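Position 3 (the sequence shown) corresponds to 3 in the UniProt record's numbering; numbering is contiguous.
What follows is a single structure, written as structure tokens, with notes after it.
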Amino acid sequence: MVHWSAEEKQLITSIWGKVNVADCGAEALARLLIVYPWTQRFFASFGNLSSATAISGNPNVRAHGKKVLTSFGEAVKNLDNIKNTFAQLSELHCDKLHVDPENFRLLGDILVIVLAAHFGKDFTPDCQAAWQKLVRVVAHALARKYH
Numbered sequence: 001m002v003h004w005s006a007e008e009k010q011l012i013t014s015i016w017g018k019v020n021v022a023d024c025g026a027e028a029l030a031r032l033l034i035v036y037p038w039t040q041r042f043f044a045s046f047g048n049l050s051s052a053t054a055i056s057g058n059p060n061v062r063a064h065g066k067k068v069l070t071s072f073g074e075a076v077k078n079l080d081n082i083k084n085t086f087a088q089l090s091e092l093h094c095d096k097l098h099v100d101p102e103n104f105r106l107l108g109d110i111l112v113i114v115l116a117a118h119f120g121k122d123f124t125p126d127c128q129a130a131w132q133k134l135v136r137v138v139a140h141a142l143a144r145k146y147h
């Protein structure tokens, strides 16, 4: 089990309370697909992913990004039980979607970049450390079924 200090919990929840889930989710998923184009193979049904402009303007990318970040909010609400919170999603991504678990780590790193860009000076190094820890824990929980 992961130990969260009171400060880490506060840093995570204070930023999360200001996150625009639709915008940040869409931006994070779009960046994943643009920066790591091989991840596009999991989203073939999304239509045009031929360029950064097409990806950023794709309504399917936007909708799924919001869905991804909404589920990430469950981690914020359940910091002391992240593994169980993501058990079903881990099973889905492993058994049905066959997603490479490395992609969870990549998306987590991108989410930290998106949050830093959106929150600027409020996203202090301590805040970044707390969020980096959180995205690693979530990535590990999502990869759990693979082991």
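The C-beta atom is built at its ideal place from N, Cα and C for all residues, glycine as well.
Only a predicted model underlies this, so the values are computations on that prediction, with no experimental measurement involved.
Answer yes or no: the CB of residue i versus the heavy atoms of the ligand FMN, is any distance below 7 angstroms?
{"i": "TRP131", "result": "The model on display carries no ligand, and the ligand FMN is accordingly not part of it."}
Provide the residue span of the alpha helix (DSSP H) that contains residue i, from first to last.
{"i": "ALA131", "result": "It should be pointed out that residue 131 corresponds to Trp in this sequence rather than to Ala. Start and end: 125 to 143."}
{"i": "LEU79", "result": "That residue, LEU79, is in no alpha helix (DSSP H); it is neither H nor E in DSSP."}
{"i": "ASP109", "result": "102 to 119"}
{"i": "SER56", "result": "52 to 56"}
Mapping the DSSP letters down to three states, classify residue i as helix, strand or coil.
{"i": "SER5", "result": "coil"}
{"i": "ASN20", "result": "coil"}
{"i": "ASN60", "result": "helix"}
{"i": "GLY47", "result": "coil"}
{"i": "HIS93", "result": "Only weak support exists for where HIS93 lies, its pLDDT of 49 falling under 50; the value from the coordinates is given anyway. Helix at HIS93."}
Give the single residue among the options whose Cα lies nearest to the Cα of residue i.
{"i": "LEU29", "options": "ILE55, GLU74 and ALA117", "result": "ILE55"}
{"i": "ALA139", "options": "ILE15, VAL68, VAL61 and PRO59", "result": "VAL68"}
The segment 34 to 47 touching the segment 119 to 134, judged by at least three CB pairs closer than 8 angstroms: no
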